[in-house]
Amino acid sequence: MPLERPTALLFDWDNTLVETWPTIHAALHETFTAMGFTPWTFEETKQRVRHSMRESFPVLFGDRWTDARDVFYDAYGRLHLSSLEPCDGAGDVLARLHDAGFYMGVISNKTGHYLRSEASHLGWDGYFGQLVGAGDAVRDKPAPEPVTMALDGSGVVAGGGVWMIGDSGVDMEIAHATGLVGVLVTGGVFAEGEFDDYPPHHRVDRCRELLELLDL
31 MPLERPTALL FDWDNTLVET WPTIHAALHE TFTAMGFTPW TFEETKQRVR
81 HSMRESFPVL FGDRWTDARD VFYDAYGRLH LSSLEPCDGA GDVLARLHDA
131 GFYMGVISNK TGHYLRSEAS HLGWDGYFGQ LVGAGDAVRD KPAPEPVTMA
181 LDGSGVVAGG GVWMIGDSGV DMEIAHATGL VGVLVTGGVF AEGEFDDYPP
231 HHRVDRCREL LELLDL
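Numbering (our numbering), first residue to last: 31 to 246.
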């Protein structure tokens, strides 16, 4: 049976539409080293980075988390645009979806100004009605507020007609919390049991397969 056509598509950003694990890992390596912590391996970074900085850094660094934040921002700001790469076929997929008339938005736990600068750098900002990053809403993903912000001005109401497309359990959690259809891009590295409580409704191996799922 064909899938019901959604009215809106909300995307995660990092490692759903753009390949950023090497940059995130490099910035975290500098941060851990500066703070006197043992840096994570690349695989540990891919397994553990899920939540926004304002949620994860106080847990990792305690009272010194703002110092760690400053180190990370300095490193990430130096690296992120020069190393930014689209995921396989993501630009073509977004162009096709835009031409097909879908409302699209982004909900990311990347700090908002970095998110929007990356979208502009790639020439993708015109595809999205809203680009919502960490710090833009009262709470970050997986709290529900970013969904409301991402749909603002679209005329679309959160619910089963909206797909949340991402590569982690946090993306599926926000989908379940707001009644969206969770679509998992399975190319990442997952923690054991990551999807036990919030299983995806659909799975694709890579971004390009969204076109097949939508019969485009």
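Backbone N, C-alpha and C fix where the C-beta goes; we use that ideal spot for every residue, glycine too.
Computed from a prediction, not measured in an experiment: that's the story for all the values here.
C-alpha distance - residue i paired with residue j, whole-angstrom precision
i	j	result
G92	V177	29 Å
P174	G135	14 Å
L240	L161	20 Å
G131	A105	38 Å
F225	A205	12 Å
L67	T37	One point to set straight first is that residue 67 is Phe, not Leu, in the sequence displayed. Distance between the alpha carbons of F67 and T37 is about 46 Å.
F247	G183	A question about residue 247 goes unanswered here, because the residues of the chain that appear run from 31 up to 246.
G142	D44	12 Å
A167	L33	31 Å
V186	P69	43 Å
G107	I54	11 Å
R233	A188	20 Å
L114	S150	12 Å
W51	K76	7 Å
E203	G217	18 Å
G159	D227	30 Å
Exposure of residue i, with buried meaning 16 or more beta-carbon neighbours within 10 Å
i	result
P229	exposed
R146	buried
T63	exposed
E222	exposed
A125	exposed
Where the beta strand (DSSP E) containing residue i begins and where it ends
i	result
G135	Y133 to T141
R233	H232 to V234
G212	V211 to V215
F41	A38 to F41
L244	Looking at the DSSP string, L244 is not in any beta strand (DSSP E), and its letter there is neither H nor E.
G196	V192 to G196
Residue closest to residue i, alpha-carbon to alpha-carbon, out of the options
i	options	result
D235	H110, C117 and Q77	C117
A180	L33, M65, L39 and E34	L39
N139	G223, D197 and D155	D197
R238	E222, W95, L214 and D155	L214
K171	D245, D97, L109 and D201	D201
Limits of the alpha helix (DSSP H) - the one that residue i falls within
i	result
W95	W95 to L109
L90	M83 to F91
V249	Here the chain has residues from 31 to 246 only, and residue 249 is not among them.
W51	W51 to A64
Any chain B beta carbon closer than 8 Å to residue i
i	result
D42	The structure shown has no chain B; it contains just one protein chain.
Any 3 or more C-beta pairs closer than 8 Å across the region 203-214 and the region 182-193: By the Cβ rule, the region 203-214 counts as touching the region 182-193, because three or more pairs are nearer than 8 Å.
Inter-stretch contact (C-beta, 8 Å, three-pair minimum) for the region 118-133 and the region 73-81: no
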